[in-house]
Amino acid sequence: MQKILLCWLAVIVISCGPAKTDSVLTKPVMDKYANQIKTEDLKEHLYLLASDILEGRETGGKRQKMAVNYFTAYYEHLGLLAPEAYPDYTQLIPQEYFENKSKGDSQNVLAYIKGSEFPNEVVVISAHYDHLGMKDDEVYNGADDNASGSSALMELAESFQMAKKQGYGPKRSILFLHVTGEEIGLYGSKYYTEHPVFSLDSTVVDLNVDMVGRIDEKHLDKKEYIYLIGSGRISKDLHNLTEKVNREHTKLKLDYTYDAPNDPENYFRRSDQYNFAINNIPVIFFFNGSHEDYHQTSDTADKIDFDLLALRTRLVFLTAWEISNRKERIVLDAK
Ligand SMILES: [Zn+2]
0 MQKILLCWLA
10 VIVISCGPAK
20 TDSVLTKPVM
30 DKYANQIKTE
40 DLKEHLYLLA
50 SDILEGRETG
60 GKRQKMAVNY
70 FTAYYEHLGL
80 LAPEAYPDYT
90 QLIPQEYFEN
100 KSKGDSQNVL
110 AYIKGSEFPN
120 EVVVISAHYD
130 HLGMKDDEVY
140 NGADDNASGS
150 SALMELAESF
160 QMAKKQGYGP
170 KRSILFLHVT
180 GEEIGLYGSK
190 YYTEHPVFSL
200 DSTVVDLNVD
210 MVGRIDEKHL
220 DKKEYIYLIG
230 SGRISKDLHN
240 LTEKVNREHT
250 KLKLDYTYDA
260 PNDPENYFRR
270 SDQYNFAINN
280 IPVIFFFNGS
290 HEDYHQTSDT
300 ADKIDFDLLA
310 LRTRLVFLTA
320 WEISNRKERI
330 VLDAK
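Per numbering that gives the first Met the number 0, the sequence shown starts with residue 0, numbered consecutively.
1. Under the DSSP definition of a beta bridge, which residues are partnered with Lys134?
2. Assuming contact is defined by CB atoms lying nearer than 8 angstroms, are Gln63 and Asp129 in contact in what I supplied?
3. If you follow the beta strand (DSSP E) that Phe284 is in, where does it begin and where does it stop?
4. What's the C-alpha gap between Gln94 and Gly59?
5. Using alpha carbons as the reference points, say which of Met210, Val123, Glu181, Glu242 lies closest to Leu131.
6. In angstroms with no decimal places, state the Cα-to-Cα distance between Thr71 and Glu327.
7. Identify which residue in Glu247, His238, Tyr257 has its Cα closest to the Cα of Leu331.
8. Helix, strand or coil: which one does DSSP assign to Asp21?
9. Name all residues in chain order for which at least one heavy atom of ligand 1 lies closer than 5 angstroms to the residue's CB.
10. So Ser115 and Gly168 are supposed to be a Cβ contact under 8 angstroms. How far apart are they, rounded?
11. On the three-state DSSP scale, how would you describe Ser234?
12. For Pro82, collect the residues of the same chain with a Cβ closer than 6 angstroms to its Cβ; drop the 5 residues on either side in sequence, then sort them by chain order.
13. So, is Thr249 buried or exposed, given that buried needs 16 or more other C-beta atoms within 10 angstroms?
14. Quick check on Ala156: does DSSP put it in helix, strand or coil?
15. As a quick exercise: from Thr202, Asn245, Ala259, pick the residue whose alpha carbon is nearest that of Leu253.
16. Using a Cβ-Cβ cutoff of less than 7 angstroms, which residues in the same chain neighbour Ser150 once the five nearest sequence positions on both sides are dropped?
17. To which residues of the same chain is Leu350 closer than 7 angstroms at the C-beta, ignoring the five residues directly before and after it?
18. May I ask you to list the residues that DSSP assigns as paired with Ala126?
19. Where does the unbroken beta strand (DSSP E) through Thr58 begin, and where does it stop?
20. Thinking Asn107 and Gly187 are a contact (beta carbons under 8 angstroms), I'd like their distance in whole angstroms, please.
21. Since Pro281 and Ile233 are thought to touch, with beta carbons under 8 angstroms apart, how far apart are those beta carbons, to the nearest angstrom?
22. Taking Cβ positions, are Gly288 and Lys217 nearer each other than 8 angstroms?
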């Protein structure tokens with residue numbers, strides 16, 4: 000079946016010449032690579048990251064480093080590039096930076112794919128991997144928060160890299176950014192924006208994925224949904240783009256409840272996208288909403304809906320694909 004599909008794609012490529020992003024080709028190609036985001040792979044990553052062995056991935060803790068090693072070995076295996084300044088994929092953040100809230104030094108993990116036409120422009124996809132650690136001998140596994148987003152990032156990288164190897168590499172660069180210190184005050188993303196590997200002027204967007212594996216109370220009867228926060232605050236163009244991609248591909252219900260400027264929860268400021276937004280970089284925060292296990296020891300891997308996690312990850316993939324391959328850079332609204 001796959002072979003037939005490949006031949007069919009090859010015929011179209013040949014008949015259309017070198018313009019591989021012609022609309023006739025775009026949708027099947029996008030779907031092909033989006034569908035490489037696999038439930039089973041997400042499961043494997045998530046169960047490891049949220050296991051008791053990692054002791055809740057507390058910022059600067061010894062076991063958090065195991066997550067770092069897991070990411071870096073994976074990106075090396077995939078053949079993703081490490082930034083010149085951080086050849087082992089890790090951006091070290093000294094303990095002092097965390098204002099006495101961390102157990103020690105900690106790291107952001109950065110791996111990227113170089114764009115073919117606009118290599119200096121970058122699409123950032125971020126997810127924090129730290130969580131609350133342990134209290135009274137109990138592990139806070141943080142399966143949804145945010146082993147889900149961390150696993151999503153790994154799958155996104157794999158799909159983009161596969162596309163690149165098969166001749167469909169992105170026109171803009173894509174940086175996969177695993178940030179630390181989120182739970183204690185968004186420190187990892189703050190540090191990154193103060194020490195970016197692509198200048199902030201060249202940073203086209205931040206797609207931040209934090210808690211994407213669960214279903215909140217409001218959506219129990221119709222679970223194919225995701226909250227988008229911030230998508231239209233800096234760029235209506237970005238908002239329209241993700242709406243279109245979702246309409247044509249993933250067909251999730253996009254819920255903007257938490258995007259209301261006066262929303263009491265103020266989630267817009269509560270995850271890592273905020274540090275990009277304050278630098279006038281368009282952002283989207285992908286989020287499943289809160290639930291009874293939020294910041295409890297009961298946020299465990301067995302409660303994740305992996306099919307839904309895969310579907311939401313595909314929306315992030317397709318959004319990033321469109322942004323990185325479109326001729327025009329995402330347009331900022333007039334101030
Ligand atoms: Zn989180």
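Note that beta-carbon positions come from the ideal geometry of N, C-alpha and C, so glycine has one too.
Bear in mind the structure is a predicted one, so any value in this text is a computation, not a measurement.
Taking the structure as given:
1. Glu137
2. yes
3. 282 to 286
4. 8 angstroms
5. Glu181
6. 32 angstroms
7. His238
8. Its pLDDT being 47, under 50, Asp21 is placed unreliably in this model, and the coordinates cannot settle the point.
9. Asp144, Asn145, Asp209
10. 5 angstroms
11. coil
12. Leu109, Val196
13. buried
14. helix
15. Asn245
16. Leu41, His44, Leu45, Leu48
17. Here the chain has residues from 0 to 334 only, and residue 350 is not among them.
18. His177
19. From DSSP, Thr58 is part of no beta strand (DSSP E); its letter is neither H nor E.
20. 5 angstroms
21. 4 angstroms
22. yes
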